Amino acid sequence: MEKLFIVVVDDGSMREAVHERLKKTYRSAYLHRDAAILVADKAAVSKDVAQAAGIGDDGTTGAVFRLGDGYSGYTARDLWEWLRDHGDD
103 MEKLFIVVVD
113 DGSMREAVHE
123 RLKKTYRSAY
133 LHRDAAILVA
143 DKAAVSKDVA
153 QAAGIGDDGT
163 TGAVFRLGDG
173 YSGYTARDLW
183 EWLRDHGDD
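Using the numbering used here, you'd call the opening residue of the sequence shown number 103 and step up by one each time.
Below you can see the structure in the form of structure tokens.
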């Protein structure tokens with residue numbers, strides 16, 4: 103099973119750059135409407151994801167959260183598909 107993380111960048115103008123950094127490290131990084139970036143990886147921990155995102159470097163600030171076993175809410179259908187595709191192997 104892959105672990106799922108959500109990266110929230112404080113400065114919206116940095117989200118594309120952070121997304122590009124994460125795509126270089128992780129096989130799957132999903133940019134959700136410029137609001138957040140989701141990452142899937144089997145071995146990562148939150149600190150690894152934050153370092154790959156560059157949080158703390160070049161003035162990039164934000165937070166990384168690991169998603170738990172369950173989630174619910176309302177959003178675009180493609181996000182639910184991404185979560186389903188990466189939450190279980």
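Just so you know, even glycine gets a beta-carbon here, dropped at the ideal spot from N, CA and C. Note that the structure is predicted; figures quoted are calculated from it, not measured.
- In terms of Cα proximity to Val111, the closest of His188, Trp182, Ala154 and Ala178 is Ala154.
- It is roughly 30 Å from the alpha-carbon of Ala178 to the alpha-carbon of Gly161.
- CA-CA distance, Tyr173 to Asp159, rounds to 30 Å.
- Under DSSP, Arg168 shares a beta bridge with Phe107.
- The alpha-carbon separation between Ser130 and Glu183 amounts to approximately 13 Å.
- Per DSSP, reduced to three states, the secondary structure at Val120 is helical.
- Annotation: Tyr128 to Ala165 spans about 17 Å, alpha carbon to alpha carbon.
- For Ala142, the number of other beta carbons within 10 angstroms of its own is at least 16, and it is reported as buried.
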